[in-house]
Each structure stands twice: as C-alpha cells, then as structure tokens.
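Undergrad: Under the working numbering, the first residue of the sequence shown is numbered 5, with each subsequent residue one higher.
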Amino acid sequence: MAKFKIVTTGSGNTDHSLEMESLAGIGAEIVEVGGTEDDLLKAVADADAIYAKGRPRVSAKVIEAGKKLKVVSIGSVGVDSIDVDVATRLGIPVTNCPDTFIEEVADHAMTLILDRKSTRLNSSHLGISYAVFCLKKK
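1) Please check the pair ALA47 and VAL62, which I expect to be a contact at CB under 8 Å, by giving their CB distance rounded to whole angstroms.
2) Candidates THR12, LYS74, VAL81 and GLU68: which alpha carbon is nearest ASP87's?
3) Ignoring anything shorter than 4 residues, give me the alpha helix (DSSP H) runs that lie fully in the region 56-93, in order along the chain.
4) Since I believe VAL66 is in contact with ILE96 (beta carbons under 8 Å), could you give me their beta-carbon distance rounded to a whole number of angstroms?
5) Starting from LYS9, follow its DSSP beta bridges and name the residues at the other end.
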C-alpha cells in the first residue's frame with residue numbers, strides 16, 4: 005500500500021510514468037478520477053493531495069471530505085475553480101502553475117499576428133495580380 009495518495013482528474017487512461025519517476029521514491033500513488041464532484045468525493049476521503057487538471061470544480065464539500073489533505077494544486081494559471089477560502093480555513097495550501105503554457109500562448113499569439121499580416125499581404129498581392137491580369141487582357 006502506498007504511503008501517499010494523490011488524486012488527479014482526467015480521462016482515466018493518462019500515462020503518469022514521468023510523475024511516478026519522482027514520486028516512486030516516497031511511495032506515492034496517483035489515482036485518476038473523472039472531474040465531477042461525485043468522482044472527487046469518492047476518491048478524496050483518504051487522499052493526501054488533489055492535483056486538478058482540466059479545471060474541475062474543487063468545492064468546499066470536496067476539500068472538507070479530504071480528511072488527510074495536505075495540498076490542493078491545479079495545473080493552470082488561476083485558482084478560481086477551487087474553494088480557496090475553505091482550504092485556507094482548514095490549513096490546506098492551494099497552489100497553481102502560473103507559468104503554464106506561456107510559450108504555447110506566445111506562439112499562438114504570434115501565429116495569429118503573422119496570419120493577419122499575411123492575409124493583408126495576400127489580399128494586396130491578389131488585388132495587384134488581378135489588376136495586372138485585367139490590364140493585360142485589354
């Protein structure tokens with residue numbers, strides 16, 4: 005039996021091998037459940053940690069049901085889907101990943117900017133090409 009139980013949300017078939025490389029040394033296990041409140045309530049009773057992925061609602065009811073909870077963490081920038089007030093009252097720290105997807109968001113923003121610029125360039129090119137074509141026809 006594992007010393008530590010980490011409840012995470014997901015589809016149920018996520019490969020946690022990278023996480024387990026770090027956690028195996030402390031005897032932890034990762035239990036993946038769906039993101040509904042009922043799923044979390046069933047799994048969190050004897051959990052040491054919740055790692056919420058996909059922005060599930062970690063309600064006061066879920067946090068209070070985790071009698072052994074030591075931390076609630078979310079794999080995103082904000083913590084608005086976690087009842088931070090209840091966790092704080094119970095002395096349970098809430099953490100997030102403020103630098104999640106920074107490069108991906110920057111890449112996407114640049115792609116949109118470049119696409120917008122290239123659309124203008126393509127429109128200009130097409131307009132000129134059409135005008136040249138029309139002039140040649142005459």
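We put the beta carbon where it would ideally sit given N, CA and C, even for glycine.
TA: So, from the data block:
1) On the sequence shown, position 43 is the one that residue 47 refers to. On the sequence shown, position 58 is the one that residue 62 refers to. Between VAL62 and ALA47 the Cβ distance is about 12 Å, and since that is not below 8 Å, they are no contact.
2) In the sequence shown, the residue the question calls residue 87 occupies position 83. For ASP87, the nearest C-alpha among the options comes from GLU68.
3) You should have 64-69 and 88-93.
4) Indexing the sequence shown from 1 puts residue 96 at position 92. Indexing the sequence shown from 1 puts residue 66 at position 62. Between VAL66 and ILE96 the Cβ distance is about 11 Å, and since that is not below 8 Å, they are no contact.
5) To locate residue 9, count along the sequence shown from 1; it is residue 5. Paired residue(s): GLU33.
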